[in-house]
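Just so you know, the sequence shown maps onto residues 506 to 699 in our numbering.
All residues carry an ideal CB built from backbone N, CA and C; glycine is no exception.
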Amino acid sequence: MKLIDCRNMACPAPVLATKKALEEDGDKPVQVLVDAGAAQENVTRFAKSRGYLVDDQPTEGGISLTIYRDGSTCPVADEQQNRGTKVILICSDQMGDGPDEFGRLLMKNFIITLLDMEELPRRMLFINSAVFLTTEGSEVLEALEALAGRGVEILSCGLCLDYFNRKEQLKAGTVTNMFTTVESLMQADSVIRI
Numbered sequence: 506m507k508l509i510d511c512r513n514m515a516c517p518a519p520v521l522a523t524k525k526a527l528e529e530d531g532d533k534p535v536q537v538l539v540d541a542g543a544a545q546e547n548v549t550r551f552a553k554s555r556g557y558l559v560d561d562q563p564t565e566g567g568i569s570l571t572i573y574r575d576g577s578t579c580p581v582a583d584e585q586q587n588r589g590t591k592v593i594l595i596c597s598d599q600m601g602d603g604p605d606e607f608g609r610l611l612m613k614n615f616i617i618t619l620l621d622m623e624e625l626p627r628r629m630l631f632i633n634s635a636v637f638l639t640t641e642g643s644e645v646l647e648a649l650e651a652l653a654g655r656g657v658e659i660l661s662c663g664l665c666l667d668y669f670n671r672k673e674q675l676k677a678g679t680v681t682n683m684f685t686t687v688e689s690l691m692q693a694d695s696v697i698r699i
């Protein structure tokens, strides 16, 4: 079994190293050492999205992830298969170019209105100041949690959360990395940028 040490690597290096190892070794198991937290979540989510199973074990100085196949790929949930690959990229906690307070009101109404839509996006990506929408104190947390409950993946940029000192206050969705963000945008049938 191949062992790769991704501890103390900045985002998205652990995902990229894991991707390379899995491509090189085909269906052989790969053991990945990562730091607990965002790196563990990102590598696990990446592997599972590719049909791999992941076992995690705490180790001294991090987490050991054993990534392997069980002879089949993981099925995608029916609701997600029927959804297509529509992605919403939210780049700010405001919508439009008017007064800040009015822009925040528009963004709040946009997210709440999504709940009334029959067709939902597969993912919502929150980058830059948009991470304020997914963290403590946001007026749209309840709506985002309801969207997540209906199968929408809510992903906040880890680097952005760090920059704004909001990572510990994340309340809706999970932390993601730039690899997953770029991959989501490139694979989407359509991207709606807000």
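What is the DSSP secondary structure of residue i, reduced to helix, strand or coil?
i: arginine 588; result: With a pLDDT of only 45 at arginine 588, under 50, the local geometry of the prediction cannot be trusted, and no value is derived from it.
i: serine 554; result: helix
i: arginine 609; result: helix
i: threonine 578; result: Confidence is the limiting factor: at threonine 578 the pLDDT is only 43, short of 50, which leaves the residue's position unreliable, though a coordinate-based value still follows. Threonine 578 falls in the coil class under three-state DSSP.
i: serine 695; result: strand
i: aspartate 561; result: strand
i: glutamine 599; result: coil
i: leucine 594; result: strand
i: alanine 515; result: coil
Measure the alpha-carbon distance for residue i versus residue j and round it to whole angstroms.
i: leucine 690; j: alanine 543; result: 20 Å
i: glutamate 641; j: serine 554; result: 28 Å
i: leucine 646; j: threonine 639; result: 6 Å
i: lysine 507; j: glutamine 545; result: 18 Å
i: methionine 682; j: proline 604; result: Note on residue identity: the sequence assigns asparagine, not methionine, to residue 682. If I take the Cα positions, the gap works out to 30 Å.
i: alanine 526; j: isoleucine 509; result: 8 Å
i: arginine 574; j: alanine 635; result: 36 Å
i: threonine 699; j: valine 657; result: According to the sequence provided, residue 699 is isoleucine. The question's threonine does not apply to it. If you take the alpha carbons of isoleucine 699 and valine 657, they lie about 16 Å apart.
i: leucine 610; j: leucine 521; result: 38 Å
i: asparagine 513; j: glutamate 623; result: 43 Å
List the endpoints of the continuous beta strand (DSSP E) containing residue i.
i: glycine 567; result: 567–573
i: aspartate 510; result: 507–510
i: leucine 538; result: 535–539
Identify every residue that forms a DSSP beta bridge with residue i.
i: proline 604; result: BP columns for proline 604 are empty, so no partner.
i: threonine 679; result: Leu660
Give the range of the alpha helix (DSSP H) segment to which residue i is assigned.
i: proline 519; result: 518–530
Could you name each continuous alpha helix (DSSP H) segment of 4 residues or more that falls completely within the stretch 628–674, going from the start of the chain to the end? 646–654, 663–668
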